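Below is one structure, written out as structure tokens; comments come after it.
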Amino acid sequence: AQSVAQPEDQVNVAEGNPLTVKCTYSVSGNPYLFWYVQYPNRGLQFLLKYITGDNLVKGSYGFEAEFNKSQTSFHLKKPSALVSDSALYFCAVRRYSSASKIIFGSGTRLSIRP
Amino acid sequence: GAGVSQSPRYKVAKRGQDVALRCDPISGHVSLFWYQQALGQGPEFLTYFQNEAQLDKSGLPSDRFFAERPEGSVSTLKIQRTQQEDSAVYLCASTPSPDNRGGKETQYFGPGTRLLVL
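Just so you know, the sequences run in chain order Y and F.
For the first sequence, the working numbering gives the first residue as 4, with consecutive numbering after it.
For the second sequence, the working numbering gives the first residue as 214, with consecutive numbering after it.
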């Protein structure tokens with residue numbers, strides 16, 4: 004079975020400070036890992052993904068995530084937060100298999116205060 | 214170009230009523246997915262189409278849920294005899310290729326249909 008956990012329901016950060024949104028996963032075999040962002044009344048927007056290769060993945064809007072196989076984590080980071088980054092963030096995992104489904108975490112609400 | 218579109222954006226139904234939700238994927242996209250997102254939760258997989266073929270419907274919660282994509286483009290998710298527990302946002306996503314490349318394709322999501330069953 005595969006699963007993904009986002010241990011924080013909400014993360015609060017001051018504008019200009021670095022931010023981290025945590026994600027851990029459980030999957031047999033090689034994982035594919037994704038981060039999506041959801042703004043109010045809009046669908047999920049793709050941020051970045053890890054497939055293979057460099058453990059540090061860079062994505063849209065200055066976000067990056069680091070794949071850590073030993074800790075089974077894929078935390079989302081940004082060096083300097085913007086108020087416009089305030090949104091709901093979802094981590095997702097999929098096992099390398101044509102028959103597997105993508106599994107989403109429960110989401111973390113990121114709030115950036117001016 | 215245009216992204217994934219869904220209609221209606223909001224639907225209020227009385228318990229027992231049938232509803233139909235429409236998804237227009239990105240033109241030319243082969244794969245189409247439906248998800249259900251309950252309040253405060255992440256999306257959960259419902260069903261997957263490759264062109265007109267429904268290859269995976271294991272996530273459909275009951276036989277009241279039915280999906281089709283007869284011409285391999287637009288898809289409709291139908292819920293019969295709606296119940297209050299069906300209240301959720303229904304998301305549609307598409308990818309350009311068949312979903313048989315180990316699942317590494319990025320999915321492009323529509324804005325969703327928010328269904329409220331009273």
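Where a beta carbon is used, it is the ideal one built from N, C-alpha and C, also for glycine.
Model, not experiment: these values are computed from the prediction.
**Beta carbon proximity, Y/Arg45 to chain F, threshold 8 Å** = By this cut-off, Y/Arg45 is an interface position.
**Message:** Between which two residues does the beta strand (DSSP E) holding F/Glu257 run?
**Reply:** 257-263
**Message:** Using only the alpha-carbon positions, how far apart do F/Leu268 and F/Ser240 sit?
**Reply:** 20 Å
**Request:** Note down, in chain order, every chain F residue with its Cβ under 9 Å from the Cβ of Y/Phe77.
**Result:** Neighbours of Y/Phe77 on chain F: none; closest Cβ ~14 Å, over 9 Å.
**Message:** Against chain Y, does F/Phe278 count as a neighbour if the rule is that its beta carbon must be under 8 Å from one of theirs?
**Reply:** no
**Asked** Helix, strand or coil: how does DSSP classify F/Val337 here?
**Response** Residue 337 of chain F lies beyond the stretch modelled for chain F, which goes from 214 to 331, so this question has no answer here.
**Message:** Starting from F/Asp348, trace the beta strand (DSSP E) in both directions and tell me its first and last residue.
**Reply:** Because chain F spans 214 through 331 in this model, residue 348 of chain F falls outside it and cannot be assessed.
**Prompt:** Along the region 46-59 of chain Y, what residues have a CB closer than 7 Å to any CB found in chain F?
**Reply:** Gly46, Leu47, Phe49, Lys52, Ile54
**Prompt:** When the distance is taken between beta carbons, is Y/Arg97 closer than 8 Å to Y/Ile105?
**Reply:** yes
**Item:** Cβ separation of F/Ala226 and F/Val330, assumed to be a contact under 8 Å, to the nearest whole Å
**Value:** 5 Å
**Request:** Could you check which residue in F/Asp276, F/Arg327, F/Glu318 has the C-alpha nearest to that of Y/Tyr53?
**Result:** F/Glu318
**Item:** Where F/Gln297 falls, given that 16 or more other Cβ within 10 Å makes a residue buried
**Value:** exposed
**Request:** Kindly indicate which three-state DSSP category F/Gln352 falls into: helix, strand or coil?
**Result:** Past the edges of chain F, shown from 214 to 331, lies residue 352 of chain F, and the structure says nothing about it.
**Asked** Quick one: is Y/Gly32 buried, meaning 16 or more other Cβ sit within 10 Å of its Cβ, or exposed?
**Response** exposed
**Message:** Taking its Cβ as the centre, do 16 or more other Cβ atoms sit within 10 Å of F/Ser244, making it buried, or is it exposed?
**Reply:** Counting Cβ neighbours within 10 Å, F/Ser244 comes out buried, since at least 16 surround it.
**Prompt:** Are the CB atoms of Y/Val24 and Y/Leu91 nearer to each other than 8 Å?
**Reply:** no
**Asked** Between Y/Ala95 and the rest of its own chain, which residues show a CB-CB distance below 8 Å, the 5 nearest in sequence each way excluded?
**Response** Val7, Leu36, Phe37, Trp38, Tyr39, Ile105, Ile106, Phe107, Gly108
**Prompt:** At which residues does the beta strand (DSSP E) containing F/Ile292 begin and terminate?
**Reply:** Start and end: 288-292.
**Prompt:** Which ranges does the alpha helix (DSSP H) cover as unbroken runs of at least 4 residues, wholly within the region 44-96 of chain Y, from first to last along the chain?
**Reply:** none
**Asked** Roughly how many angstroms lie between the CA atoms of F/Leu234 and F/Ala251, to the nearest whole one?
**Response** 16 Å
**Item:** Counted within 10 angstroms of its Cβ, other Cβ atoms place Y/Gly56 as buried (16 or more) or exposed
**Value:** exposed
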